[in-house]
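Accompanying notes for the structure given below.
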Amino acid sequence: MTEEETAKKEKKAPPANLVIPPKKPKLSKAERRALQEKQRAEKAASQQDPRSSGGMQPQPPPPEPNVESLVSNAPAPKSAKSQAAAPEESEKAPKANDKTIDLFSHLPQYQDLPNPHAEEFTSTLHPAVIQLGMEYALGQKRGGNTRCRAMLQVFSTVLEDYFPPEDATDYRSHFDQFVLKPSFTFWTTRCRPHSVSMGNAFTFLKTAVASLSRDLPLAEAKEILQETIERYLLERLEYASRAIAQHAMAKIEDGDVVLTFGNSETISVLLTTAKEKGVQFYVWVVDSRPLWEGKGMLQTLRQADISCGYIQLNALTYVMQQVTKVFLGASALMSNGSIYGRIGTAGVALLAKDKHIPVLVCCESYKISNKVQLESITQNELGNPDALIHGESLANWKEIPNLKLLNLLYDVTPAEFVSGIVTEVGIIPPTSIAVLLREMNPQDAAY
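Residue numbers (this note's numbering): 9 to 455.
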């Protein structure tokens, strides 16, 4: 080694009095996380300690944490994928004996009958309201017209017995908040979801109550409301059914073979009116389980001495080749032209469309909904799953794992399956439902 190289090394050497601390050991990710958690815990403890407030002497700094002990006591780190999957697995973990079908879990689930003697009902609701609710829950009141008519008649009865409390400043608001709304809520949430016809009629009644003059005597207001209810039932239900029968009867000719599905009050009025006019035709009544509503239609036709036959839905293809016209009822008319009706209606309309048979839907205009529905999943009603059981083979189905029963009550018929819709204003195409809704409710039109 030369003298120049020796001199360079001496220049680069650190001074003798300089103390260089040893390098800190490189921590892993788990060690750094454990150290941070320890520091956070000590900081939180110092903030909660009352001795750390003003007037106290400062505490000595905590000793340097032992990294090795922190790492040994820290839990094993989880991967990002496992951390994200943990809450999802806990949320998706099925409950024991849960019979809810995921695809229809957003719908109100079928519930047991309410106790009509419960104090929460008897203390706030009229006995007629509770009685009607039990009839809804038991299925003794079925059909849009029947349920709507019963609701308005009960409200008329409740109105006779209504007297506001002495401290009530406005009987209109009190009747709305403490009579109408609790009654309707009891029917829809504890007994059975309301139909479109019930919802529209309830909205009409609330509007009629709100339009009363505040200075009007109570007795006169009762009389006005009862007359309004009677006029609504007469014009929107009775007269509408007769007008529909007159419009649709022009489509029934001698020798026609008419097919209908289930039991519709409007269809029964149409067929009996055509028989009274002397038209000779034959009717096929198509029915399906579990409600077997077509038996009611069959009885009505036999009482009117109308020639008819009765088949189940699975035999529809055998008689469709004889049919010349199909008349169907509806629970509601959607604003996009779809038909919301008893489940099975869409299948009948589909087969008739395939066979090039005209399909006419008879429905009152007060059943028009401002909603748009394209399928039967978003909005529907779940019936009693026990109604699907026949015999003892599935009597204990709730105890069988992975077995679920689905009892849907309605389906949606696309507008392209329907040739025309018969209302009290005439026969219109499905695409004109939105126009009819706008004409009937000009206050809701957007300008």
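Just so you know, even glycine gets a beta-carbon here, dropped at the ideal spot from N, CA and C.
For the pair Val367 and Ser343, the Cα-to-Cα distance works out to about 19 Å. A Cβ-Cβ separation of about 6 Å places Ile351 in contact with Leu417 under the 8 Å criterion. Note on geometry: alpha-carbon atoms of Thr211 and Ser203 lie some 12 Å from one another. Taking one beta carbon from each stretch, the segment 289-298 and the segment 316-336 have 3 or more pairs nearer than 8 Å; the two touch. Per DSSP, Gln320 is one residue of the beta strand (DSSP E) stretching across Cys316 to Gln320. The straight-line gap separating the alpha-carbon atoms of Leu115 and Asn388 is approximately 7 Å. DSSP, reduced to helix, strand and coil, places Phe129 within a helical segment of the structure shown. The residue from Ala338, Gly207 and Pro190 with its alpha-carbon nearest to that of Gly428 is Ala338. Between the segment 172-185 and the segment 114-134 there are fewer than three C-beta pairs closer than 8 Å, too few to call the two in contact. The three-state secondary structure of Val217, taken from DSSP, is helix. Two segments are said to touch when three or more pairs of C-beta atoms, one from each, lie closer than 8 Å; by this definition the segment 365-379 does not touch the segment 296-312. Straight-line measurement puts the Cα of Lys214 at about 15 Å from the Cα of Val162. Residue burial is scored here from C-beta neighbours: Glu231 has fewer than 16 other C-beta atoms within 10 angstroms and is therefore classed as exposed. The continuous stretches of beta strand (DSSP E) do not include Lys259, and DSSP gives it neither H nor E. For the pair Thr421 and Ile376, the Cα-to-Cα distance works out to about 15 Å.
Of all alpha-carbon atoms in Val137, Lys34, Val331 and Glu424, the one lying nearest the alpha-carbon of Thr268 is that of Val331.
A residue is called buried when at least 16 other Cβ atoms come within 10 angstroms of its Cβ; Arg222 does not meet this threshold and is exposed. Distance from the CA of Asp394 to the CA of Glu447, rounded to the nearest whole angstrom, comes to 43 Å. DSSP places Val166 in no beta strand (DSSP E) but in the uninterrupted alpha helix (DSSP H) bounded by Gly152 to Glu168. With a cutoff of 8 Å on beta-carbon distance, Leu278 and Ile441 are scored as not near each other. In the DSSP assignment, Arg180 forms no beta bridge with any residue. With contacts defined as CB atoms closer than 8 Å, Ala256 and Phe171 fail to qualify as a contacting pair. Residue state for Asp362 is assigned as helix, using DSSP reduced to three classes. Phe192: member of the alpha helix (DSSP H) spanning Lys189 to Phe194, first to last residue.
Inside the segment 282-335, DSSP marks whole alpha helix (DSSP H) runs of 4 or more residues at positions 302-311 and 324-327, from first to last along the chain. Per DSSP, the unbroken alpha helix (DSSP H) holding Arg239 starts and ends at Leu226 to Leu241.
Separation of the CB atoms of Ser346 and Gln381 is rounded to 6 Å, and the pair is thereby assigned contact status at 8 Å.
Counting along the chain, Leu445 sits inside the alpha helix (DSSP H) bounded by residues Ile441 to Met448. For the options Asn415, Ala248 and Leu160, the alpha carbon positioned closest to that of Cys370 is the one of Ala248. Closest in C-alpha terms to Ser373, from the list Asp313, Leu224, Asn271 and Glu246, comes Glu246.
With 16 or more other Cβ atoms inside 10 Å of its own Cβ, Thr281 counts as buried. Ile252 places its beta carbon less than 8 Å from that of Thr274. One Cα belongs to Ala209, the other to Gly263, and the distance between them is close to 39 Å. Pairing Leu167 with Leu241 gives a Cβ-Cβ distance that is not under 8 Å. Under DSSP, the beta-bridge partners assigned to Cys370 are Val430. At a Cβ-Cβ threshold of 8 Å, Leu390 and Gln117 count as neighbours.
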